[in-house]
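Engineer:
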Amino acid sequence: MRRRHAVTLGMGVAGATTLAVLSGCGESTFGTCQDTNSCLDGSVDGTGAADQFAGDSTGGDTGSREGGSGDGAGEGGVVGEAGCSAPTTLECSGTCVDPTLPANCGSCGNSCVGPEAGAGTGTCTNGACTVGCEADGSTPLNCAGACVDPTQPATCGACGTRCAGPPSTQGQAVCSLDGGGLPVDAGGDGGPCGITCNPTYHACGADCLSDTDDPSADPCVVSNATGVFVAPAPLGTAAGLGTMASPLLTVGAGITKALTGKKRVYVCLGTYGETVSLTSSADGLTVYGGLDCANGWKYVGSGGATATVVATPLGTAAPATALTVTGPMTSGVAFEDVGFTSLDGVNPGDSSVAVFATTSAKLSLTRGTVTAGKGIAGSPGGTTVNWSGTAQSPTAPTASTTGAAGGNNVCLDRTTSSTGGMGGSEISLGIWGQGANGSSSPPVIPALLNGGDGGNAGVAGTGGGPGASTSAVGAGSLSSGDVTVAGWVIGAQAGRGSAGSPGQGGGGGGGGVTTASGGGGGAGGCGGGPGLGGSTGGSSLAILAYQSALSVTNVTVASGAGGIGGSGGSGQSGQGGQDGGGGFAAISAAGGPGGAGGAGSGGGGGAGGDSIGIGWLGSTGPSINGVVISADQASPYMGITAGAKGAAGPGGAGGGGSTTVLAGSPGAVGVANAIQQFH
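Reminder that position 197 of the sequence shown reads as 451 in my numbering, one-by-one numbering, no gaps.
1. Whose CA, out of G374, C383, A373, G348, lies closest to the CA of A357?
2. Taking the C-alpha atoms as reference points, what is the distance between V713 and G765?
3. Buried or exposed, going by whether 16 or more other CB atoms sit within 10 Å of the CB of V333?
4. So G775 and G661 are supposed to be a Cβ contact under 8 Å. How far apart are they, rounded?
5. For G391 and V385, I'd like the C-alpha separation in whole angstroms.
6. Distance, Cα to Cα, T533 vs N808?
7. What is the DSSP secondary structure of C937, reduced to helix, strand or coil?
8. Under DSSP, the alpha helix (DSSP H) around A815 begins and ends at which residues?
9. Grab the span of the beta strand (DSSP E) containing V607 for me, first residue to last.
10. Per DSSP, what kind of secondary structure is G918 in: helix, strand or coil?
11. If contact is defined by three or more beta carbon pairs under 8 Å, each pair taking one atom from either stretch, is the stretch 794-806 in contact with the stretch 731-748?
12. Can you name the start and end residues of the alpha helix (DSSP H) that A507 belongs to?
13. What do you get for G918, buried or exposed, if any count of 16 or more other CB atoms within 10 angstroms of its CB means buried?
14. Taking just the CA atoms, how far does S912 sit from S802?
15. So for A548, helix, strand or coil by DSSP?
16. For the beta strand (DSSP E) containing G757, name the first residue and the last one.
17. Between which two residues does the beta strand (DSSP E) harbouring C359 extend?
18. With a Cβ-Cβ cutoff of 8 Å, do G773 and G837 count as a contact?
19. Can you find a heavy atom of the ligand ATP that lies under 7 Å from the Cβ of R750?
20. Using a Cβ-Cβ cut-off of 8 Å (strictly less than) and excluding sequence neighbours within five positions of K516, which residues of its own chain qualify?
21. Give every residue of the same chain whose Cβ lies closer than 7 Å to the Cβ of C397, excluding the five residues on either side of it in the sequence, and list them in chain order.
22. What does the Cβ neighbour count give for T349, buried or exposed, with the cut at 16 atoms within 10 Å?
23. Our contact map puts C474 next to C458 with C-beta atoms below 8 Å; I'd like the distance itself, whole angstroms only.
24. Out of T724, S873, S422, G675, which one is the CA nearest neighbour of A843?
25. Tell whether a beta-carbon distance below 8 Å holds between V476 and V505.
26. Please state the DSSP three-state secondary structure of S556.
27. Smallest Cα separation from G762: which of V609, S556, G657, A371?
28. I want to know whether the stretch 826-834 touches the stretch 889-906 - three or more CB-CB distances under 8 Å.
29. Determine the closest residue to R518 out of A492, A389, A572, F589, with distance taken between C-alpha atoms.
30. Would you kindly report the start and end of the unbroken beta strand (DSSP E) that includes T384?
31. Looking only at its chain, what residues have a beta carbon closer than 6 Å to the beta carbon of T454, apart from the 5 residues adjacent to it on each side?
32. What residue from V727, I866, W551, G635 has the CA that sits closest to G897's CA?
33. Considering D390, what are the terminal residues of the beta strand (DSSP E) in which it resides?
34. Determine the closest residue to G852 out of A861, Q829, W870, I868, with distance taken between C-alpha atoms.
35. Just the Cα atoms here: how many angstroms apart are V592 and G792?
36. Whole angstroms is fine: what's the gap from S821's alpha carbon to G632's?
Set out below in structure tokens:
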């Protein structure tokens with residue numbers, strides 16, 4: 255029987271001892287092969303056992319032996335240890351195993367295990383264990399012995415590519431690969447990594463920021479996803495979609511669209527001729543101006559650029575308010591980098607208000623400008639007419655036995671009148687004329703203010719005294735106006751003057767001796783009507799708040815000049831008295847003429863209009879640059895200025911307006927009517 259011998263060779267390189275398993279060595283006189291060249295490779299016989307080599311040994315001369323030829327090709331290929339043939343060339347505990355398989359990879363007991371994580375198997379390559387990840391599975395990428403998913407952020411496309419989530423933690427990392435596993439630009443930098451953000455957050459660079467951010471601090475918030483866009487023509491159109499590429503034309507249209515969900519409006523720089531009116535349905539709305547739509551809707555408002563709403567002219571009507579906000583509200587409405595302008599008044603007494611908040615509204619204005627136009631002078635008072643035309647004389651008597659009736663004059667105000675005395679009959683006295691202080695019978699001592707004396711027989715009656723004129727000029731108006739739930743209400747018209755007194759009636763003429771009668775006395779003239787008071791001049795108020803929360807931060811506020819109060823009207827002059835009537839028959843006497851009426855007095859002058867930067871009426875004052883205001887402030891105050899006040903109108907002791915940058919009156923609803931003047 256042939257045996258195989260394990261031969262221990264001599265010292266090799268660097269003195270290492272080499273152990274070799276030789277095949278093809280049979281029994282010999284040497285007992286063992288002395289070196290690697292001592293045994294020539296023999297042929298393999300049909301059983302797989304090597305034949306004994308042929309040839310002689312020459313005294314230990316290595317390499318001199320001549321190998322013989324084997325006796326067969328051998329079954330099973332190359333022979334391994336202990337007669338193990340390929341592929342099971344490794345003997346492990348008496349069993350031939352395949353050293354290329356994971357169970358005994360290269361050596362007995364070297365078992366190759368699967369991956370540390372993911373789907374895969376242990377594999378054996380060149381006698382060393384490796385991990386085989388499933389190429390057609392979800393984890394085909396081998397990263398340091400772990401099978402991982404290359405589409406996941408931790409190993410995006412490669413073992414060393416880890417996608418980080420947003421620092422704000424308001425989103426997740428995203429790995430983007432194409433169908434072939436190649437990276438897709440997900441983050442805007444050419445790499446496969448990107449982020450997705452939680453609801454109400456948006457991506458900005460590598461982070462997720464809040465959709466409620468201010469464009470001045472977060473340019474990424476200006477997007478179609480967060481708001482509605484408005485721009486002047488030609489970019490903005492009435493049929494616009496409200497997007498960056500297709501903005502709407504007016505701020506009002508943008509607000510209407512935004513209130514369906516987004517509650518944000520982005521407005522391009524420019525001027526918008528319109529008025530904006532908001533109710534409680536706009537609660538939570540924010541409008542941002544200061545955006546340059548010509549340069550990608552870039553925010554430029556910090557440099558003072560704004561979108562400005564100018565109240566459109568309304569013909570001959572009073573100027574419109576550019577912004578009106580009506581509550582109640584919880585969150586309120588806010589405008590940033592938006593300007594509001596109201597125009598000058600048009601008609602006498604017109605006031606100009608740029609911004610008005612009422613009925614528990616909440617309004618916040620940040621940066622931008624608010625400018626009110628000027629108030630217009632009040633109209634002058636007119637003159638009341640108490641008489642018209644010339645008083646007519648009484649008719650002559652038609653009989654000798656009866657004196658003619660005195661004339662009667664009823665004034666237009668229907669409250670005063672004057673009557674002349676009746677003429678005397680035959681050989682009788684005329685009756686005393688009647689006036690306001692007259693009598694139908696002779697006084698003991700006739701007085702000028704009474705009716706004229708009646709004439710004796712054949713003697714004409716005397717004339718009635720004139721009515722008294724009045725010097726009581728109408729009271730001037732003291733209040734420029736007041737703030738109410740409906741807005742600014744102009745102060746009342748100044749007081750009217752007093753009417754003049756009527757003239758007294760003339761005495762009747764005396765009767766004749768026979769067949770003759772006296773003429774009637776003429777009635778006194780009506781007193782002149784009073785002059786009317788002038789109306790109050792219009793006021794200019796940039797911002798007005800009624801029972802509402804108002805916050806103004808870094809806004810340039812300016813009111814215009816107040817209007818001058820209207821002058822009081824002149825009183826009407828008194829009317830002349832009637833002439834006395836003629837008697838019957840030549841020898842009879844005529845009645846005396848009536849006295850002239852007194853002149854009416856003039857009306858009072860209207861109050862001048864106010865110029866107020868910010869005015870309010872409510873339980874608390876507004877917040878101006880973070881400071882709550884509780885008292886009037888007349889001098890310039892943190893960007894708030896007021897124009898000139900309107901002077902009182904001439905003709906009465908009217909009140910002039912005031913120039914006040916901050917004016918208000920804390921109080922409950924209803925107190926306004928009890929305040930003579932708003933400030």
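For every residue, glycine included, the Cβ atom is placed at its ideal position computed from N, Cα and C.
Structural biologist: Let me lay it out:
1. C383
2. Approximately 8 Å between the Cα atoms of the pair.
3. Note on V333: pLDDT 49, under 50, position unreliable in the model; the coordinate value appears next. Label assigned to V333: buried.
4. 7 Å
5. 14 Å
6. 25 Å
7. One cannot answer for residue 937 here, as it falls past the ends of the chain, which runs 255 to 933.
8. Where A815 is concerned, there is no enclosing alpha helix (DSSP H), because DSSP gives it neither an H nor an E.
9. 606-612 is the extent of the beta strand (DSSP E) around V607.
10. G918 sits in a strand when the DSSP states are folded into three classes.
11. Three or more Cβ pairs closer than 8 Å define a contact, and the stretch 731-748 meets that threshold against the stretch 794-806.
12. 505-512
13. buried
14. 23 Å
15. helix
16. No beta strand (DSSP E) holds G757; DSSP gives it neither H nor E.
17. No beta strand (DSSP E) holds C359; DSSP gives it neither H nor E.
18. yes
19. The ligand content of the structure shown is nil, which means the ligand ATP is not present either.
20. T480, G481, V482
21. T409, C413
22. exposed
23. 3 Å
24. Among T724, S873, S422, G675, the Cα nearest to that of A843 is on G675.
25. no
26. Note: S556 maps to helix in three-state DSSP.
27. G657
28. Too few Cβ pairs lie closer than 8 Å, so no.
29. Of the candidates A492, A389, A572, F589, the residue whose Cα lies closest to the Cα of R518 is F589.
30. 382-387
31. D465
32. I866
33. Neither: D390 is in no beta strand (DSSP E) and is coded neither H nor E.
34. Q829
35. 26 Å
36. 8 Å
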